[in-house]
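Before any comments, here is the structure.
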Amino acid sequence: MQKNNQVINYRRQGLLRRIYKMRAYYLLLLPFLACIILFKYVPMYGITLAFKDFKIRRGIVGSPWAGLKYFRQLFEAYSFFEVLRNTIIISLEKLIFCFPIPIVLAIFINEIRNDRVKKTFQTVSYLPHFISWIIAASFVEDIFALNGPINSIIRLLGGESVYFMADTRYFRGLLIITNIWKTCGWSSIVYIAAITGIDPQLYEAAEIDGAKKLQSIWHVTLPGIRSTIITLFILEVGKIMSAGFDQIYNLYSPVVYSVADVLDTYTYRQGIVNNNYSYATAAGLFQNVVGFIMVILSNLLVKKLSDEEGLW
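Pasting the structure below:
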């Protein structure tokens with residue numbers, strides 16, 4: 000026991016010495032640490048709203064406790080399960096169709112040998128990321144309008160016009176297409192950086208062995224960025240309860256609520272529009288807890304099914 004205490008004291012002294020030695024860097028970190036605590040951790044106290052009958056005049060502290068009242072209301076509401084279903088469906092569709100696109104795009108950009116063409120293509124693919132969804136939604140509305148270019152082509156081919164923005168059959172597909180357009184270029188940056196870190200000698204060895212371009216991609220490029228793919232996949236799984244508030248809020252309308260209303264927009268309407276803050280907080284807390292559990296489960300699954308260590 001005494002020996003263990005000595006080891007602990009030795010490690011503690013070593014840690015203190017290292018902190019003192021790097022004190023200038025730690026001092027530089029203090030403002031950022033203060034911002035994180037102030038804007039990320041202190042607001043977490045607001046979670047207690049989910050367990051209180053919130054009264055604006057009395058504030059969070061003065062409002063009476065309500066126990067699990069709002070969670071019971073949440074799980075008894077039919078609209079909640081419709082919203083939950085929409086959230087999971089849209090998130091899974093984005094995971095299946097949107098997640099692989101940046102990987103393919105990064106490989107494609109990496110294979111471009113002309114530097115000028117490569118930089119131009121990269122710049123063009125990044126640009127949609129810097130356009131806010133408010134502006135992007137107006138573009139989408141114009142393109143898919145009844146008199147827009149898409150419907151003009153449909154009529155030219157002998158079909159009938161479709162108002163995609165208000166048709167429940169096509170709205171989710173529209174979300175997927177616009178999400179790919181706006182995010183795939185920016186998301187590919189991480190994969191491009193990972194590809195540049197692959198040893199060029201591996202490609203040379205593959206070429207000597209007679210590997211074609213696709214074989215080099217399959218046996219060298221993809222294994223080289225596997226850890227990056229797995230890490231980002233785990234993070235994306237953690238977002239499965241958040242289907243994308245900005246995109247959906249700026250594109251949807253009450254006509255397509257049945258297929259497009261998700262937890263983010265549902266929570267916003269309950270909290271901001273209907274002033275039901277406690278109910279909205281309960282919905283948001285449920286969403287975040289499930290997302291946290293999904294990250295843990297996906298991390299454990301990755302560690303169990305592959306040689307990767309996961310996020311932790």
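Sequential numbering from 0 applies to the sequence shown in numbering that gives the first Met the number 0.
In this text, a Cβ means the ideal position worked out from N, Cα and C, and glycines have one as well.
> In or out: Lys370 buried (at least 16 other Cβ within 10 Å) or exposed?
Replying inline: An answer regarding residue 370 cannot be provided, because it is not within the stretch 0 to 311 covered by the chain.
>> Could you tell me the alpha carbon to alpha carbon distance between Phe138 and Ile106, rounded to whole angstroms?
In response: Distance between the alpha carbons of Phe138 and Ile106 is about 29 Å.
> With a CB to CB cut of under 7 Å and the five nearest residues on each side skipped, what residues in its chain are close to Glu235?
Replying inline: The residues are Leu94 and Phe98.
> At what residue ranges does the stretch 139 to 183 contain a whole run of the alpha helix (DSSP H), taking only runs of 4 or more?
Replying inline: Entirely contained in the stretch 139 to 183, the alpha helix (DSSP H) runs reaching 4 residues are, in chain order, 148 to 155.
> If you follow the alpha helix (DSSP H) that Pro101 is part of, which residue opens it and which one closes it?
Replying inline: Per DSSP, Pro101 belongs to the alpha helix (DSSP H) from Pro99 to Glu110.
> To which residues does DSSP link Lys51 through a beta bridge?
Replying inline: Partner(s): Trp64.
>> Out of Lys20, Phe79, Arg16 and Pro148, which one is the CA nearest neighbour of Phe285?
In response: Considering only Lys20, Phe79, Arg16 and Pro148, the residue with the shortest C-alpha distance to Phe285 is Phe79.
>> When you compare the stretch 235 to 248 with the stretch 82 to 92, are there three or more beta-carbon pairs, one atom per stretch, that lie closer than 8 Å?
In response: Yes, the stretch 235 to 248 touches the stretch 82 to 92.
>> Do Ser277 and Phe53 have their beta-carbon atoms positioned less than 8 Å apart in this structure?
In response: Annotated as proximal: Phe53 and Ser277, with beta-carbon spacing under 8 Å.
> Is the stretch 223 to 232 touching the stretch 134 to 149, taking contact as three or more C-beta pairs under 8 Å?
Replying inline: As far as the Cβ criterion goes, the stretch 223 to 232 does not touch the stretch 134 to 149, which means the pair count is below three.
> DSSP on Lys303, reduced to helix/strand/coil?
Replying inline: In this structure, Lys303 counts as helix in the three-state DSSP scheme.
>> Given this structure, state the Cα-to-Cα distance separating Ile100 from Ile179, to the nearest angstrom.
In response: Near 7 Å, if we compare the C-alpha coordinates of Ile179 and Ile100.
> First and last residue of the alpha helix (DSSP H) that includes Asn85?
Replying inline: Asn85 -> alpha helix (DSSP H) spans Tyr77 to Phe96.
> What is the C-beta distance between Thr177 and Ser257, in whole angstroms, given that I count them as a contact (C-beta under 8 Å)?
Replying inline: Actually they are not in contact, since the Cβ atoms of Thr177 and Ser257 sit about 19 Å apart, beyond 8 Å.
> Is DSSP giving Ser252 helix, strand or coil here?
Replying inline: Three-state DSSP puts Ser252 in coil, outside helix and strand.
>> Less than 7 Å between C-beta atoms, sequence neighbours within five positions excluded: which residues of the same chain meet that for Ile224?
In response: If the five residues before and after Ile224 are omitted, its C-beta is found closer than 7 Å to the C-beta atoms of Tyr190, Ala193 and Ile194, all from its own chain and listed in chain order.
> Does the stretch 264 to 283 come close enough to the stretch 112 to 123 to have 3 or more Cβ pairs within less than 8 Å?
Replying inline: Contact fails between the stretch 264 to 283 and the stretch 112 to 123, because fewer than three Cβ pairs, one in each stretch, are under 8 Å apart.
> Under the rule that 16 or more other beta-carbon atoms within 10 Å means buried, what is Met164, buried or exposed?
Replying inline: So Met164 counts as buried.
>> Buried or exposed for Val6, going by 16 or more other Cβ atoms inside 10 Å?
In response: Note that Val6 scores 48 on pLDDT, short of 50, meaning its location in the model is unreliable; the coordinates nonetheless yield the value given after this. By the neighbour-count rule (16 or more Cβ atoms within 10 Å), Val6 is not buried but exposed.
>> Looking at Thr264: is its Cβ nearer than 8 Å to the Cβ of Tyr248?
In response: Yes, these two residues count as a Cβ contact at 8 Å.
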